[in-house]
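Enquirer:
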Amino acid sequence: MNRGMLLRFENLVQLHGACRQLRALSSRKVCGAQWKPVQSSAHPVGSLLLYPQLWQEDRLISAALLQRRHLATKEETKKKTKKIPPTRGEVEIRQKMTVEELAQAMGKDIDHIYEALLYTDINLDSVEPGSILHEDHIKMIVQKSGMKYKSAKLKDEKERKNTDAVKPPADPAVLTPRPPVVTILGHVDHGKTTLLDSLRKTQVASMEAGGITQHIGAFLVHMPSGEKITFLDTPGHAAFSAMRARGTNVTDIVILVVAAEDGVMQQTVESIQHAKNAGVPLILAINKCDKPEADPETVKKELVAHDVVCEEFGGDVQAVNISALKGENLMVLAEATVALAEMLELKADATGLVEGTIIEARKDRGKGPLTTAIIQRGTLRKGCVLVAGKTWAKVRFMFDENGKAVDAASPGIPVEIMGWKEAPSAGDEILEVESEQRAQEVVAWRTYIEQQEKMKKDMEVIEAKQKEHRLEYEKKLQKLAHLTWRQRKAVLYKANKHLMFSRPKERTEMDENVLSLIVKGDVDGSVEAILNILDSYDCEDECKLDIVYFGMGDISENDLSLAEAFNGVIFGFSVKANESIKKLADKKGIKIKLHNIIYKLVEDLKDELSSRLPPAVVETTIGEASVLDIFSVTVGKTKIPVAGCRVHKGLLDRKMKFKLIRNRDVIWKGCLSSLKHHKDDVQVIKTGMDCGLSLDKNLEFSIGDEIICYEEKEVQRTTSWDPGF
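The UniProt record's numbering puts the first residue of the sequence shown at 1, with every later residue one more than the last.
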């Protein structure tokens with residue numbers, strides 16, 4: 001009896017524990033996997049066997065627990081599972097969806113979208129997972145997949161506040177006189193830098209590569225009378241047109257240098273046009289008047305045709321005859337410049353926030369990014385926070401044209417600035433802001449605006465491409481207009497089906513006939529000039545030109561890595577490559593081409609392009625003969641036509657190739673099957689000799705036909721690209 005009571009008590013304890021777990025599951029919705037049955041430590045199995053009623057009760061409890069656990073597990077699994085759109089249902093679509101976004105919205109893979117696009121006018125070769133689809137194509141893909149679409153609600157995007165830096169208006173009461181900024185323009189080798197040397201008493205021209213200026217130089221010249229003049233010396237070579245235009249945009253006066261013995265040249269006319277576009281007055285300096293062949297009057301007359309009329313002809317342009325090399329009449333030219341500056345009443349605010357223009361930018365290994373700038377407003381000092389383009393600077397040091405440190409730079413003074421985070425572009429406007437945080441806001445805003453403009457341009461290109469493909473698609477449909485709708489779709493699908501399977505996942509193959517370039521220059525203006533030259537390349541059908549990277553500074557390992565990855569060539573202008581870089585380049589088989597003269601770089605580039613072209617086959621005529629008679633020879637059961645010929649020029653060599661000309665048309669090219677003189681097989685027939693010959697093709701001859709013996713040679717082609725100089 002006591003044993004029976006004990007077993008019943010144990011079963012009641014087990015039932016009580018099970019009920020507690022049931023209540024916990026109901027209240028907390030705990031996952032069934034966490035449920036653990038409560039067992040007694042004293043013979044539970046034996047008790048169930050001895051008392052079947054208790055066993056039945058436990059069985060019912062276990063079934064209830066299992067059912068509860070199953071429901072809880074099912075609910076929790078459903079809660080944790082990601083919501084996948086049904087294969088048949090509504091798909092939320094919006095404008096400018098990409099292929100990948102549409103696939104996710106539909107719950108399909110990307111290949112499904114590609115397959116649906118086979119029914120459209122889209123060229124699959126140009127479609128990537130990130131490609132934006134037209135709204136009509138999005139709707140068509142959804143419908144073809146057996147789904148319905150609905151437009152997603154547009155999110156109200158707040159208009160971003162303009163945080164760009166602005167120039168405050170100048171107060172006329174605080175304006176003070178400033179030095180004039182004078183730009184020296186003219187044709188290459190007409191003596192612009194020599195003129196500036198004579199004014200500065202320096203030897204700049206003797207240090208220039210090839211004797212020509214290839215950068216903008218900004219110099220402050222102190223006149224004997226006490227006046228200061230800021231001179232900009234610009235390149236005269238055709239490649240540096242952008243530099244000359246930039247020089248005139250920040251200048252007050254242009255001194256046009258024309259050689260007395262050469263007269264008006266190409267860059268002379270271009271310089272006049274730059275001055276007109278900028279609205280800047282001209283002073284004519286006729287140089288090299290010390291030479292016997294000098295003719296200043298002819299130069300003045302030639303300039304009249306370009307609307308540059310000197311004072312002696314009733315115009316307003318001052319003309320000064322000088323000799324920059326011997327220093328003749330230079331003070332007269334300087335006085336004319338000072339007088340014109342006084343007439344212009346040049347003034348600026350030296351107290352406000354700094355404004356200026358970047359003339360040139362470069363990278364220095366020890367100093368970092370450096371810029372040469374002309375200050376146009378305010379006084380620049382150490383610690384000023386500047387913004388230019390999409391970069392900013394906190395001025396650490398300033399240097400004059402001689403590399404000497406200066407503490408301040410007032411309006412009209414050229415100065416080199418150190419402290420930029422990144423090198424800005426030449427021609428960018430400099431604006432001073434209150435703090436570094438404000439500078440970062442300005443840069444962020446300008447970067448945002450640039451991205452928006454880029455997106456807008458990309459969309460225009462995409463829409464134009466889609467329109468082009470749509471027109472092609474409509475033309476295809478017109479050809480299939482006689483078919484039913486299903487037949488048309490079947491034909492289009494079969495025609496485009498191969499694109500689906502031949503489409504590469506990754507484009508690893510590279511076109512052999514491509515010249516990949518890495519361009520490095522010493523300053524931003526040099527890189528700009530080279531890129532402008534490359535923009536004129538118009539021979540893509542011969543060899544494609546791909547600019548992988550461009551920048552400032554010496555050749556680095558990063559440049560070698562890019563050249564190795566793209567099988568490219570490194571072109572450097574006025575930069576260096578140290579010995580370790582050269583050894584690494586030789587080991588990897590990478591070409592590094594360094595130049596200090598712009599036209600030599602262009603010539604080397606043309607040679608490199610020509611080396612990528614396939615050789616041209618040139619025919620060299622060795623001999624000519626005329627067909628005088630026709631007969632045939634039977635070999636076995638075949639009749640072979642034979643031409644009786646006489647050589648009237650050169651010789652016929654059986655080893656060479658031949659062609660048959662009839663009425664000035666080439667009707668056959670190939671080799672001879674036989675060449676005989678009388679009855680003997682011969683190798684060569686010379687001028688004046690008769691012969692009989694047969695061709696490797698069974699072709700009938702006509703009296704009067706011409707037989708030409710020629711030799712084919714492979715000759716290296718040269719690119720037809722003409723950069724203009």
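Glycine is no exception: its CB is placed at the ideal position from the N, C-alpha and C atoms.
Along the chain, where does the alpha helix (DSSP H) containing E463 start, and where does it finish?
Expert: As a working mapping, residue 463 is identified with position 463 in the sequence shown. Note, E463: alpha helix (DSSP H), E436 to K479.
Enquirer: With DSSP as the reference, identify every bridge partner of Q266, one or two as the case may be.
Expert: On the sequence shown, residue 266 is found 266 positions in, with the first residue counted as 1. In the DSSP output, where bridge partners are listed per residue, Q266 has none listed.
Enquirer: Hey, V269 and G412 are a contact pair by Cβ (cut 8 Å); roughly how many whole angstroms apart?
Expert: Start at 1 with the first residue of the sequence shown, and residue 269 comes out as number 269. Start at 1 with the first residue of the sequence shown, and residue 412 comes out as number 412. Wrong, their Cβ atoms sit about 29 Å apart, outside the cutoff.
Enquirer: Does the beta-carbon distance from L102 to I113 come in below 7 Å?
Expert: As a working mapping, residue 102 is identified with position 102 in the sequence shown. As a working mapping, residue 113 is identified with position 113 in the sequence shown. The answer is yes: Cβ separation under 7 Å.
Enquirer: Should S198 be labelled buried (16 or more other beta-carbon atoms within 10 Å of its own) or exposed?
Expert: Taking the sequence shown and counting its residues from 1, the one referred to as residue 198 is at position 198. With 16 or more Cβ atoms within 10 Å of its Cβ, S198 is classed as buried.
Enquirer: List in chain order: all unbroken beta strand (DSSP E) runs of 3+ residues lying wholly within the segment 308-376.
Expert: Correct list: 318-321, 347-349 and 355-364.
Enquirer: Apart from the five residues just before and just after I708, which ones in its own chain have a Cβ nearer than 7 Å to its Cβ?
Expert: Position 708 of the sequence shown, counting from 1, holds the residue named residue 708. Contacts found: T621, E624, F658, K659 and I661.
Enquirer: Measure the C-alpha to C-alpha separation of L344 and G186 and round it to an integer number of angstroms.
Expert: For the purposes of this step, residue 344 is taken as the residue at position 344 of the sequence shown. For the purposes of this step, residue 186 is taken as the residue at position 186 of the sequence shown. Looking at the two C-alpha atoms, the distance is approximately 23 Å.
Enquirer: Leaving out five residues on either side along the sequence, give the residues of the same chain with a beta carbon under 6 Å from the beta carbon of V514.
Expert: As a position in the sequence shown, residue 514 is number 514, starting the count at 1. For V514, where only same-chain residues beyond five positions count, the Cβ hits under 6 Å are K544 and D546.
Enquirer: Check whether the Cβ atoms of H469 and I703 lie closer than 7 Å to each other.
Expert: Taking the first residue of the sequence shown as position 1, residue 469 is located at position 469. Taking the first residue of the sequence shown as position 1, residue 703 is located at position 703. Cβ distance not < 7 Å, so H469 and I703 don't count as in contact.
Enquirer: Inspect the CB distances between the segment 469-482 and the segment 417-424 and report whether three or more fall short of 8 Å.
Expert: At 8 Å Cβ cutoff, the stretches do not touch.
Enquirer: Taking the alpha carbon of L652 as the point to measure from, which residue in M459, I598, I667 and S626 has its own alpha carbon closest?
Expert: Here residue 652 refers to the residue found at position 652 when the sequence shown is read from its first residue. If we check each option's Cα against that of L652, S626 comes out closest.
Enquirer: On the criterion of 16 or more Cβ atoms from any shown chain inside 10 Å, does T634 qualify as buried, or is it exposed?
Expert: Walking along the sequence shown from the start, residue 634 turns up at place 634. Exposed, since its Cβ has fewer than 16 Cβ neighbours within 10 Å.
Enquirer: Any idea which residues DSSP pairs L672 with across the strands?
Expert: Sequence index remark: in the sequence shown, residue 672 carries index 672 (1-based). According to DSSP, which records beta bridges pairwise, L672 is partnered with L695.
Enquirer: Along the alpha helix (DSSP H) that carries residue 727, what are the first and last residues, could you check?
Expert: Lying before the first or after the last residue shown, residue 727 is absent from the chain, which here runs from 1 to 725.
Enquirer: Of all the options L562, E542 and D541, which has the alpha carbon lying nearest to the alpha carbon of Y549?
Expert: The residue labelled residue 549 in the question sits at position 549 within the sequence shown. Taking only the C-alpha atoms, the option nearest Y549 is L562.
Enquirer: Answer yes or no: do P223 and A334 have a C-beta to C-beta separation smaller than 7 Å?
Expert: Within the sequence shown, residue 223 is the residue found at index 223, counting from 1. Within the sequence shown, residue 334 is the residue found at index 334, counting from 1. It is Met, not Pro, that sits at residue 223 in the sequence shown. For M223 and A334, yes; Cβs fall inside 7 Å.
Enquirer: Ends of the beta strand (DSSP E) at P414?
Expert: Against the sequence shown, residue 414 aligns to sequence position 414. Taken as a continuous stretch (DSSP letters only), the beta strand (DSSP E) holding P414 covers P414 to W420.
Enquirer: For the alpha helix (DSSP H) containing G623, name the first residue and the last one.
Expert: For this step, residue 623 is matched to residue 623 along the sequence shown. First-last for G623: A616 to V635, but that is the beta strand (DSSP E), not the alpha helix (DSSP H).
Enquirer: Decide if Y448 is buried, meaning its Cβ has at least 16 other Cβ atoms within 10 Å, or exposed.
Expert: Taking the sequence shown and counting its residues from 1, one reaches residue 448 at position 448. By the neighbour-count rule (16 or more Cβ atoms within 10 Å), Y448 is not buried but exposed.
Enquirer: On the three-state DSSP scale, how would you describe G644?
Expert: The count along the sequence shown starts at 1 and reaches residue 644 at position 644. Of the three classes helix, strand and coil, the one that applies to G644 here is strand, per DSSP.
Enquirer: If I measure Cβ to Cβ from G315 and keep anything under 6 Å in the same chain, skipping five residues before and after, which residues do I get?
Expert: As a position in the sequence shown, residue 315 is number 315, starting the count at 1. Within the same chain, G315 has close Cβ partners V309.
Enquirer: In this structure, how does DSSP classify Y710 when only helix, strand and coil are distinguished?
Expert: Along the sequence shown, read from residue 1 onward, the residue named residue 710 stands at position 710. Here Y710 sits in strand by DSSP.
Enquirer: In its own chain, which residues sit with a C-beta less than 8 Å from the C-beta of V491, not counting the 5 before and 5 after it?
Expert: Translated into positions along the sequence shown, residue 491 becomes position 491. Closer than 8 Å at the Cβ level, and outside the excluded window around V491, lie L480 and L483.
Enquirer: With a CB to CB cut of under 7 Å and the five nearest residues on each side skipped, what residues in its chain are close to A350?
Expert: Taking the sequence shown and counting its residues from 1, the one referred to as residue 350 is at position 350. Closer than 7 Å at Cβ, skipping near neighbours: T176, G378, T379, S410 and P411.
Enquirer: Assuming contact is defined by CB atoms lying nearer than 7 Å, are A373 and I430 in contact in what I supplied?
Expert: Along the sequence shown, one-based indexing puts residue 373 at 373. Along the sequence shown, one-based indexing puts residue 430 at 430. For A373 and I430, yes; Cβs fall inside 7 Å.
Enquirer: When the Cβ atoms of the segment 585-600 are set against those of the segment 559-573, are three or more pairs found closer than 8 Å?
Expert: At 8 Å Cβ cutoff, the stretches touch.
Enquirer: The alpha helix (DSSP H) with N558 in it runs from where to where?
Expert: Taking the first residue of the sequence shown as position 1, residue 558 is located at position 558. Unbroken alpha helix (DSSP H) run through N558: E557 to F566.
Enquirer: Could you check if S526 is buried or exposed, using at least 16 other CB atoms within 10 Å of its CB as the buried criterion?
Expert: The count along the sequence shown starts at 1 and reaches residue 526 at position 526. S526 is buried by the Cβ-count criterion.
Enquirer: How about P179 and I229: are their beta carbons less than 7 Å apart?
Expert: Here residue 179 is taken as the residue at index 179 of the sequence shown, counted from 1. Here residue 229 is taken as the residue at index 229 of the sequence shown, counted from 1. Yes, the Cβ-Cβ distance between P179 and I229 is below 7 Å.
Enquirer: Can you grab the Cα-Cα spacing for the pair K363 / I590, in whole Å?
Expert: Along the sequence shown, one-based indexing puts residue 363 at 363. Along the sequence shown, one-based indexing puts residue 590 at 590. Taking the straight line joining both Cα atoms gives about 24 Å.
Enquirer: Assuming contact is defined by CB atoms lying nearer than 7 Å, are S516 and G568 in contact in what I supplied?
Expert: Against the sequence shown, residue 516 aligns to sequence position 516. Against the sequence shown, residue 568 aligns to sequence position 568. Cβ atoms of S516 and G568: closer than 7 Å.
Enquirer: Which residue wins for smallest C-alpha separation from K367, given the options F399, L346 and A348?
Expert: The residue labelled residue 367 in the question sits at position 367 within the sequence shown. When only C-alpha atoms are compared, the closest one is F399.
Enquirer: Can you have a look at P614 and say buried or exposed, based on whether 16 or more other CB atoms are within 10 angstroms of its CB?
Expert: As a position in the sequence shown, residue 614 is number 614, starting the count at 1. P614 is exposed by the Cβ-count criterion.
Enquirer: Check this for me: beta carbons of L675 and A643, under 7 Å apart or not?
Expert: Looking up residue 675 in the sequence shown gives position 675. Looking up residue 643 in the sequence shown gives position 643. Taking 7 Å as the Cβ cut-off, L675 and A643 do not qualify as a contacting pair.
Enquirer: Need the endpoints of the alpha helix (DSSP H) that V304 sits in, please.
Expert: The sequence position of residue 304 within the sequence shown is 304, counting from 1. Element bounds for V304: P296 to V304.
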